[in-house]
Amino acid sequence: MAAIRPLDDALSAIEDGCLLAVPREVSGVAMEATRALIRRAVRRLHLVTLPTSSLQADLLIGAGCVETLETSAVSMGEFGPAPRFTAAMTAGTLKTRDATCPAIYAALQAAEKGIPFMPLRGLIGSDLMAHRSEWRTIDNPYANGDPIVLLPAIKPDVALFHAPMADRDGNVWIGRQRDLATLAHAAARTIVTVETLHEGDLLADPTLAAGTLPGFYVDAVAVAERGAWPLPLPDRYPADGAHLAEYMKRAATPEGFARYLQDFVHARRAA
Amino acid sequence: MHAAPPERPFCEEELLASVIADLIGDVRHVAVGNASPIPATAALLARERGGGRPYVSLLQSRKHNFFTSGGVELFDCAGQGRIDVFFLSGGQIDGQGNINLVNIGEHDKPSVRFPGSFGSGYLYYVVPKVILFRVEHSRRTLVPKVDFISAPGTSPDHVHRTGGPVALVTNRCAFSFDRARRRFRLQSVHPGHSVEEIIAETGFDFDCPSDVGETPAPDAATLQTMRERVAPELAEVYPRFAERVFGIACGKPASRAVSA
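So, in structure tokens, the structure goes:
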């Protein structure tokens, strides 16, 4: 059962070299926790994004925390290309395992089911296959002449995300952000930051229960108010566009990025 | 490039959205992925014209998004044929309809890196009408052969494929795609552009009929719907685009006068 813990303590399961899975920008990204991981100088992460990422991956890459990135895309959306991701890629310092969105979902779904792989349509003839020797094409055993790709399960060591609320039993209300359930179901451990604690039992109210991730998936919960800032939290707050524009300006150079880290990560001036 | 020439009552984004809305046609469900403000405008325009149909799912939107089972639901829907129209782009697009969303140069140390393939490595195969969209029409973007195939334009006959490209819309023209011949065909030339210019600015060969016409301009009713009804909805997902093109901020009515 999950304990409500201080943030740094809750993040202790994220060790150097760990396979860490995180959600896309609009699902609920644990940005305050991400800043805490950078302050702790976590290293050699194998970062899996479900299925894309924006500022979170860019910050972790720029801060030297990521060894391998498994993603369908990293982009700052309307703000443009992700600057530190792009710089690391063109410098050849970041290993990537390029995927396509449903491949990451499918590989995590295999882990959810406890099975070794999942088949997926598409992919045949894509150069993504050329760089993923573990993705194999087989003949559909139930038909003739129907090639289909198999993807091995992705079993994250830890899933990390931000949600609106949790109760004291570690039940987490995720609403319709079902990607967060996919992450928690697949991962060996799940760490969640929340805006607030809910007094009472989230599973007792049927309208809340349908959107609740049961506490038995959850290893640690930490309260982090505005914990997705400057990214949005669905139905709670929008992205902080002015801050993201400031980030884009600073992160365009390594020196500007270092100053950004100093001012907004190490100085704990977040939110 | 964004300001309308004085003699024209619409801007480039409005023309392209109108072209794409016509291409969407009579369908049930249109989905719009990341970084696609003009396709999103087109899809919402098609919905307004259709009195609420097709269903439009903007994948980054809270409001315009019907899915309640996460990202898996989109891809499951698409795999079954429940998504009729999707939009894809590319850092490079070639004459066989192959798209590159990954890199130029060596994969491990590229000279240019794009964000990544997003859903293309799957959706391009299973969505019946994929409309390719790339504003910048140049030899840099429309190339003889892409450096990296995120998703191929066509597949061999024995590969399961229920979808693929039907068209490519740029700032200069609209192409249709002939899947059997694996080639683009010039469909119409946008106002102010010419066939000669398009040939000169396109890096791949395409079929060019002698009687190719001009892309129809959006009419006054289309422009009014876009500016008054669609633009405020866009601001939730594309606030910067909505402000730049339509002059509106999130949750507020358009400040731009409807004078068309």
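Residue numbers (the numbering used here), protein chains in the order written: chain D, 6 to 276; chain U, 2 to 261. Glycine is no exception: its CB is placed at the ideal position from the N, C-alpha and C atoms.
Taking a beta-carbon distance threshold of 8 Å, D:Val31 counts as an interface residue toward chain U. Nearest to D:Ala209 by alpha-carbon distance, out of D:Thr57, D:Asp268, D:Asp172, is D:Asp172. In this structure U:His138 does not touch U:Arg180 by the C-beta definition: roughly 22 Å separates them, more than the 8 Å allowed.
D:Leu99 and D:Ala108 do not touch by the CB rule: their CB atoms are close to 19 Å apart, not below 8 Å. D:His136 has a beta carbon lying within less than 8 Å of a beta carbon in chain U.
The Cβ atoms of D:Leu113 and D:Ala191 sit closer than 8 Å to each other.
For U:Pro240, the enclosing alpha helix (DSSP H) starts and ends at 240-247.
The beta carbons of U:Gln93 and U:Val167 sit about 19 Å from each other, so the pair does not count as a contact at 8 Å.
D:Ile196 places its beta carbon less than 8 Å from that of D:Asp224. When secondary structure is reduced to three states using DSSP, D:Met123 falls in the strand class. Neighbours of U:Pro233 in chain D, taken as residues whose beta carbon is under 7 Å from its own, are absent, since the nearest beta carbon is some 15 Å off. The DSSP assignment places 196-202 as complete runs of the alpha helix (DSSP H) inside the region 189-214 of chain U, in order along the chain (cut-off: 4 residues). Note on geometry: alpha-carbon atoms of D:Glu20 and U:Thr142 lie some 42 Å from one another. Taken in chain order, the complete beta strand (DSSP E) segments of 3 or more residues contained in the region 16-63 of chain U are 30-33, 56-59. Closest in C-alpha terms to D:Met81, from the list D:Ser58, D:Asp103, D:Asp162, D:Pro219, comes D:Ser58.
Here the region 175-192 of chain U lies against the region 203-215 of chain U, with 3 or more beta-carbon pairs under 8 Å apart. Annotation: U:Glu14 to U:Val136 spans about 9 Å, alpha carbon to alpha carbon. Separation of U:Glu49 and D:Phe84 (C-alpha to C-alpha, rounded to the nearest whole angstrom) is 28 Å. Among the CB atoms of chain D, none fall inside 8 Å of the CB of U:Gly214. With respect to the 8 Å criterion, D:Pro235 and D:Ala244 are classified as neighbours on the basis of their beta carbons. Ranked by how close their Cα comes to the Cα of D:Arg29, the residues U:Gln81, U:Phe119, U:Ala175 have U:Phe119 in first place.
For D:Met94, the chain U residues whose C-beta falls within less than 7 Å of its own C-beta are Pro111, Arg114, listed in chain order. When Cβ pairs closer than 8 Å are counted between the two stretches, the region 52-66 of chain U is seen not to touch the region 99-113 of chain U, the count staying below three.
Taken through DSSP and simplified to helix, strand or coil, U:His159 comes out as coil. Around the Cβ of D:Lys118, a 10 Å sphere holds fewer than 16 other Cβ atoms; the residue is exposed. Spatial neighbours of D:Asp174 in its own chain (CB-CB distance under 6 Å, excluding positions within 5 residues in sequence) are listed in chain order as Gly220. Here the alpha carbon of U:Asp23 sits roughly 21 Å from the alpha carbon of U:Leu124. By the Cβ test, the region 69-89 of chain U is not in contact with the region 128-143 of chain D, since fewer than three Cβ pairs between them sit closer than 8 Å. By the neighbour-count definition (other C-beta atoms within 10 Å, threshold 16), D:Thr212 is an exposed residue. For the region 106-187 of chain U, the full-length beta strand (DSSP E) segments reaching 3 residues or more read 111-114, 130-134, 166-170, 174-179 along the chain.
Per DSSP, reduced to three states, the secondary structure at D:Pro88 is helical. Within chain U, Gly71, Gly72, Val73 have C-beta atoms less than 9 Å from the C-beta of D:Asp184, given in sequence order.
Residue environment analysis places D:Asp240 among the exposed positions, since fewer than 16 neighbouring C-beta atoms fall within 10 angstroms of its C-beta.
In the DSSP assignment, D:Ala164 is bridged to D:Ala26, D:Thr195. Residues of chain U with a Cβ closer than 8 Å to the Cβ of D:Asp13 do not exist, since the nearest Cβ in that chain sits about 29 Å away.
In its chain, beyond the 5 residues on either side, Val86, Phe87, Phe88, Leu89, Leu124, Tyr125, Gly164, Gly165, Pro166, Val167 have a beta carbon closer than 8 Å to the beta carbon of U:Val131.
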